[in-house]
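Residue numbers (the numbering used here): 202 to 286.
We put the CB at the ideal spot given by N, CA and C, even for glycine.
Here the structure is laid out as structure tokens; the discussion comes afterwards.
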């Protein structure tokens, strides 16, 4: 969800799933801004194709977050020991 003047909001079945959802959403937004700033004509995708792609991406989100989240947490533990206390 995009909140005007506040940023993004994500939910998931775990903290990892919510984080990965936000991570991919913010990357997609950055890519969209880069594409628009290029000054070329827009390439429109059929709504049906966009919906199918979105559904397909969300099906694997739990698996991706299950693999990525523990590693990201270890990286944070090394970078900022004691952040969680």
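- Within the segment 223-286, no run of beta strand (DSSP E) reaches 3 residues while sitting entirely inside it.
- Within a 10 Å sphere around the beta-carbon of residue 218 sit 16 or more other beta-carbons, which makes this residue buried.
- Here residue 208 carries a strand assignment [DSSP, helix/strand/coil].
- Note that the segment 259-270 touches the segment 203-217; at least 3 beta-carbon pairs, one per stretch, sit closer than 8 Å.
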